[in-house]
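Encoded as structure tokens, the structure appears first; notes follow it.
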Amino acid sequence: MRNSIRTLLCGLVVFGLAAGNGYAQQTITLHGASQFNDDHAFTKALVKFEQLVKQYYGKPINFVLHKNSELGLEKDYFAFMNQGISVDYAIVSPAHMSTFSKAAPFIDAPFLFRDLNHWNKVLDADIL
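The opening position of the sequence shown corresponds to residue 1 in our numbering, with each subsequent residue numbered one higher.
Right, dumping it as structure tokens:
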């Protein structure tokens, strides 16, 4: 009986060690897209996003930023993100999101609001 328990415990320890290897931190690779070159504000913002994620995420992560419309245009990026293919992050105009959210066009009209509090009040009002 003791040998059976000892064998069972040894088996569980070996299984636990083997299973623990499967949970080692694997590097995540995210693909971004910009239809602009390195000098454009959107591309610079995406590069800054990558830097901040690497700084604060605390786990292995890589970024591949496809620039100069390599993967299409903004509307394509948004479609790819919705389908879970090709693109994981991008800056996309709210106009391309309006088919999925009625509130998206409001984000495109910043001059209608007095300040940030007014902006938040309108967006939180559930007017749609």
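Beta carbons: idealized from backbone N, C-alpha and C, even for Gly.
If you run the structure through DSSP and keep just helix, strand and coil, what is residue i?
i, result
"alanine 45", "helix"
"phenylalanine 100", "coil"
"alanine 33", "strand"
When you compare each of the options to residue i by their alpha carbons, which one comes out closest?
i, options, result
"alanine 95", "Gln83, Leu116, Ala79 and Val87", "Ala79"
"tyrosine 136", "Thr27, Met81, Asp124 and Leu112", "Any property of residue 136 remains undetermined from this structure, which presents the chain solely from 1 to 128."
"aspartate 76", "Phe63, Val64, Asn62 and Val92", "Val92"
"lysine 59", "Arg114, Lys102, Asp115 and Thr29", "Thr29"
"alanine 90", "Gln83, Glu74, Gly84 and Lys102", "Glu74"
"asparagine 68", "Ile85, Ser34, Asn62 and Ala104", "Ser34"
When the Cα atoms are used, what is the spatial distance from residue i to residue j?
i, j, result
"phenylalanine 36", "phenylalanine 42", "7 Å"
"asparagine 117", "aspartate 126", "15 Å"
"valine 47", "histidine 66", "11 Å"
"valine 122", "serine 98", "17 Å"
"glutamate 174", "leucine 112", "Coverage of the chain is limited to positions 1 through 128, which leaves residue 174 absent and any answer about it impossible."
When you compare the CB positions of residue i and residue j, do they come within less than 7 Å of one another, or not?
i, j, result
"aspartate 115", "histidine 31", "no"
Within the region 53 to 104, ranges of the alpha helix (DSSP H) (whole runs, at least 4 residues) | The region 53 to 104 contains, as complete alpha helix (DSSP H) runs of 4+ residues, the segments 74 to 83 and 94 to 97 (chain order).
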